[in-house]
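There are 2 protein chains.
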Amino acid sequence: MNIILLSGGSGKRLWPLSNDIRSKQFIKIFKTHDGSYESMVQRVYRQIKAADPNANITIATSKTQVSTIHNQLGEDIGISVEPCRRDTFPAIVLATAYLTDIRGISPEESVVVCPVDPYVDDVYFESLKALAEQANTGESNLVLMGIEPTYPSEKYGYIIPKSNEILSSVATFKEKPDAATAQNYIARGALWNGGVFAYKLKYLLDKAHELIDFTDYEDLYAKYHTLDKISFDYAVAEKEDKIQVMRFAGQWKDLGTWNTLTEAMEENVVGNGLLNDRCTDVHIVNEMDVPILAMGLHDVIISASPEGILVSDKEQSSYIKPYVDGMEQQVMFAEKSWGSFRVIDVENESMTIKVTLNAGHSMNYHSHRNRDEVWVVISGQGGTVVDGMKQNVKTGDVITMSAGCRHTVTAYTELKLIEVQLGSDITVHDKQKFDLEYD
Amino acid sequence: MNIILLSGGSGKRLWPLSNDIRSKQFIKIFKTHDGSYESMVQRVYRQIKAADPNANITIATSKTQVSTIHNQLGEDIGISVEPCRRDTFPAIVLATAYLTDIRGISPEESVVVCPVDPYVDDVYFESLKALAEQANTGESNLVLMGIEPTYPSEKYGYIIPKSNEILSSVATFKEKPDAATAQNYIARGALWNGGVFAYKLKYLLDKAHELIDFTDYEDLYAKYHTLDKISFDYAVAEKEDKIQVMRFAGQWKDLGTWNTLTEAMEENVVGNGLLNDRCTDVHIVNEMDVPILAMGLHDVIISASPEGILVSDKEQSSYIKPYVDGMEQQVMFAEKSWGSFRVIDVENESMTIKVTLNAGHSMNYHSHRNRDEVWVVISGQGGTVVDGMKQNVKTGDVITMSAGCRHTVTAYTELKLIEVQLGSDITVHDKQKFDLEYD
C-alpha cells in the first residue's frame, strides 16, 4: 500500500504543547506498551506498519516540520516538502508527483491519502487497504472513506451516498452544516468526510496537468509558490462523476482540542503531576521538570511546557486560540532532526540554552554578527571546528566564540552543551551559514 | 516603642512559593503604591515605621532566615538569632536579653511582642502603641491584645476577660476549641489570643531567671540548645495574676493558607498570567518567566515557582501539607543577603545555576571536593580570587575551577553569573570554606 499522510500546520489550540514550530501531531502523549510515550505521528506510523509492513509511507508537509519528523520517525521516512503553504490540492499533487518521479512508483498503482492526526484503532488501517484495493479495480476514479457519524457535528463536511451499501456511488457533497442540518443529513444516511481517499497515481497526475502547467516533480516544486490555493475537494472530488464512498464504522476521532485529546489519554497524568482524591476528570500533561499538584478540581486540563502553563475547564479549552495569539511568544524549546534545544535563561543582554546533539549529528558551520557565545560541555564527546581549527571536546570543556567567529560541533556520542549567548541584540535571525572546508 | 517580631518557621502550606528555606512571610505578594510588590515582613516593617518612625524593631528568628531578612529589610535591622528552634518562651527571653544586653535598652522600658505575619491595617499599630503604654504604667505585668472574633474559629486560643471594657483583667485562657465551644466562648465575651502582648523588659528577665539558670544574653545564647521547649503562654501568661487584656476590633487576618492569602490580594494576578472572562474568583501568583493562561475556572488558586505548580480549589488548598511533604524537593531558588540563585538545569552529572550577586557582596572563599565549576559572567563587573590569584572580570569572561580549587567572586556592580557544576556527586554539602588571605 502507498500512503500519503498530510501533516498540517501549526496548531495553537493545544498550547502550550503546540506552538509555531511544534504542531499537535508531534506531542508525545500516548502511552505505549513499554511505558514510554509516542506522538500522534509516531502512533499512526506504527499502526500503518503493523497493518502493512511493506507500506510505502510519504509525509506531505512544510519545511518547518521536516526536522521534527526525522527526529520522531528516523531519517528513512519519505517526505514531500511543500516549499510554501498552499491548500490540499497542490500539496497532494506534489506528493503524488514525488511518488512517481522521485520514488519511482508506477503511475498504475494506487495511493491512499489521509490526515496524519486522526485517533483511530487498527481496523481503520484495514479500511485504508480496502480503499486502495478498490481504487486498483478502476471501477471509479476516486474512492472516499465515509465515516459513520456518531453525532451531528458542525466540524465536518458530509458525503451523501446513493445507497446504504458498504460501497456506494456518491450522490453529493455538503459543506459543514449547522447541527440541525447535520441531523437532517444523518437521517438521509450522510457520512462524515474525513479527508481520506484513494486513487490511481496516474488519475491525479492527469487531473493536475489539466489544471496546472508543469512537466514533472522538479518543475512543480520550482513553481509551487505560483500555484493557487485550492482544496482537493473543490478542485477534484466535487467535480468527479466516477466517485465512490466506502463506509467506515470504527473509532475515528479528531484530537484537535484539549477536550478531545484528553478523552484519548489512557492515564490522567503524563509527566510529573499529582491529583488529590478530590479531583474528578482532571488531566495533567506536564513537560516541565517541576511537579504539578492539583487539588479539588473537576473537568480541568492542566498543561505545562517551557512555553507556558494552561489551566482550563475542558469545554472552555476549545476557545483558546485568540488568547494564545495575543501572547508574545519566544520559542523556548524544539526537537530537531539533530537533537533538541531548550532556553533555560533569558536576560536583557544574554540568553542561556541547553543543546542536546544526537550522536553523529552536527550543527551547521555558522557565525553570528552581534553576539559572542560560550559552550560548556556538560556530557558526551565530540569535535568542534572554530574558525577552521579542529579540536576534540569532552565533559567540562569550555569553548569561547567571539562574534564573527565561525563554529560548529559534531557529536561523537550524545553531546549536551550549555550555550551562553552574550550581546545586546540576540535573535535567531543573526546566523550566517558557511560551507565547512577541512584543510 | 520597642517591638519584637516573631518570625516563624518554614511553611509548606503556601507551596510552591514557600519552601524549606523561604517562609511565607517572605513571599512578595502585596502590591505597593509604586507598583512593586512587598512581602508580609516588608509590609509590617513599613507599617510599624509609619506608625512610629522611632520604633526599635528586633526580629526574633532562626539562622536560616537571617540572610533573607537582610535581603528584604536591609543590613541595619536588629535580629535576635535563635541558635536552634525552641518554643516561644526561650525565643522571647533571648530577644528580650538581646534588647537589654546588646542593644542597651533600659530594663524599665516596655516591649511589644507580635508575630511577623498578621495581615492588618494601620489601626493595629496604634493598638500596639497603646499596649506598650499600658505596660509602661505598671498596672499589670503583662498586657495582651484580645482580638474581637469575627467567627467561631478553631485555629486560635481564646482569652476570657473579666469585663467588656476596652481594658480588662483576664479571667482565664482557653485552648483551641471546636466550633461549638468557640461559639459558646464568644457568647461569653471571649477574645482571640493572637500572640500579641507587651511587658516591661525587667519583668520578663526576672521571670526568665526564675526558670532558667543564665547570666546574660551571651550565656543564654551559649546554652540555648539545652533549654526546654515551652510556650510563652504556658510558661508565663497562664500563670500570671497581674495580667490585662486590651480589646482590638480592627482588621486582623492570619494569611496561613492560599485561601486566606488570596483574600488579601488586591489583584487577581501577580506575575505573568491571564484570566479569560469565564473565570470567577481565580487568583494567579506566578514567579516563573512563562505565562499562565486560566480559562473557565471558579474559586481556584494557581501558583507557580521554580519549585512547582499548584492548581487548587481554594478551600481544598488548606489540605496541601501532606502532599508537599511527600514530594522530593530540591531547593530551586533562594534569596540571600548577598543576592539570589536559581537552578536552571539539572542533569545526571551536571547542574546549571544562575547566580545574582548584589553590588559590594562576595561569596565565601570556598572549594568543592567532588565537582568542577565554570562561571560565565553574563552581566556586571567584579573580581575573582581563584587559588589566591586575583583577577577582574566582566561580561563574557569565563572562569574554570577544578575540584579542590579555592574560589570566590566579589561584585563591584550587580553581577550575574551562569555557574555550571560538573561531577557525579553534586550536593550543597560539598563545600569547604576558607579564610581569604590576600598576599
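Sequences listed follow chains S and V, in order.
Numbering of the first sequence is given in our numbering, commencing with residue 886 and proceeding in unit increments.
Numbering of the second sequence is given in our numbering, commencing with residue 886 and proceeding in unit increments.
For every residue, glycine included, the Cβ atom is placed at its ideal position computed from N, Cα and C.
Around the CB of S/Arg-971, 16 or more other CB atoms lie within 10 Å, so the residue is classed as buried. Assignment of beta strand (DSSP E) within the region 1062-1141 of chain S, counting only whole runs of 3 or more residues, yields 1076-1085, 1128-1133 and 1137-1139 in chain order. Around the beta carbon of S/Thr-1057, fewer than 16 other beta carbons lie within 10 angstroms, which makes this residue exposed. Under a criterion of Cβ atoms nearer than 7 Å, no residue of chain V is adjacent to S/Leu-1242; the nearest Cβ is some 14 Å distant. Under the 8 Å criterion on CB atoms, S/Gln-1201 is classed as interfacial with respect to chain V.
Taking a C-beta cut-off of 8 Å against chain S, the contacting residues of the region 1132-1163 of chain V are Leu-1159, Asn-1161 and Arg-1163, listed in chain order. Only residues of its own chain outside the window of five on either side were considered, and among them Val-1228 and Val-1231 have a CB closer than 8 Å to the CB of V/Gln-1215, listed in chain order.
Per DSSP, the continuous alpha helix (DSSP H) segment holding V/Glu-1148 begins and ends at 1143-1148.
Taking C-beta separations shorter than 7 Å and ignoring five residues to either side along the sequence, the partners of V/Asn-1249 in its chain run Thr-1293 and Lys-1318, following chain order. Cα atoms of S/Ser-1202 and V/Asp-1174: separation of roughly 22 Å, rounded to the nearest angstrom. Closest by C-alpha distance to S/Tyr-1004, out of S/Leu-1146, S/Asp-937 and S/Gly-959, is S/Leu-1146.
Per DSSP, V/Asn-956 lies in no beta strand (DSSP E); the unbroken alpha helix (DSSP H) holding it starts and ends at 948-958. Each residue's CA atom was taken as its position, placing S/Gly-893 and S/Glu-1123 some 22 Å apart. Contact residues of the region 1003-1030 of chain S toward chain V are absent (C-beta to C-beta distance below 9 Å).
Taking a cut-off of 8 Å for Cβ pairs, the region 981-996 of chain V and the region 1072-1087 of chain V touch, as three or more such pairs fall below it.
The region 956-970 of chain V and the region 1101-1111 of chain V touch, with three or more beta-carbon pairs separated by less than 8 Å.
Among the residues of chain V, those whose CB is under 7 Å from the CB of S/Glu-1192 are Val-1175, following chain order. Taken in chain order, the members of the region 1260-1271 of chain S whose beta-carbon sits within less than 8 Å of a beta-carbon on chain V are Val-1261, Ile-1263 and Ser-1264. Look at V/Ser-1309: its C-beta is not under 8 Å from any C-beta on chain S. Note that the region 900-911 of chain V does not touch the region 1291-1311 of chain S; fewer than 3 beta-carbon pairs, one per stretch, sit closer than 8 Å.
The continuous alpha helix (DSSP H) containing S/Arg-931 extends over residues 925-936.
Within a 10 Å sphere around the beta-carbon of S/Met-1274 sit fewer than 16 other beta-carbons, which makes this residue exposed. Around the beta-carbon of S/Asp-1310, fewer than 16 other beta-carbon atoms lie within 10 Å, marking it exposed. Annotation: Cβ neighbours of S/Gly-1281 in chain V (cutoff 7 Å, chain order): Asp-1257 and Leu-1307. Against chain S, a Cβ distance below 8 Å from V/Val-1231 picks out Asp-1174. The beta carbons of V/Leu-1027 and V/Ile-1128 sit closer together than 8 Å. For V/Ile-1194, the closest C-alpha among the options S/Asp-1184, S/Met-1212 and S/Asn-1157 is that of S/Asn-1157. Taking 8 Å as the upper bound for CB-CB distance, V/Ile-889 and V/Ile-977 are in contact here, some 7 Å apart. When secondary structure is reduced to three states using DSSP, S/Val-1001 falls in the coil class, being assigned neither helix nor strand. Beta-bridge partners assigned by DSSP to V/Arg-1227: V/Phe-1218 and V/Lys-1239. Within chain S, the residues Met-1180, Gly-1181 and Leu-1182 have their CB atoms less than 7 Å from the CB of V/Asp-1198, given in chain order. The Cβ of V/Leu-1300 sits no closer than 8 Å to any Cβ of chain S. Note on S/Ala-935: under 16 other CB atoms within 10 angstroms of its CB, so exposed under the neighbour-count rule. Close CB contacts of S/Phe-1099 within its chain, under the 7 Å cut and outside five residues either way in sequence, are with Leu-1105 and Lys-1108 (chain order). In this structure, S/Asn-1243 keeps its C-beta atom at 8 Å or more from the C-beta atom of S/Ala-1288. S/Asp-1257 carries a strand assignment under DSSP once its states are collapsed to helix, strand and coil.
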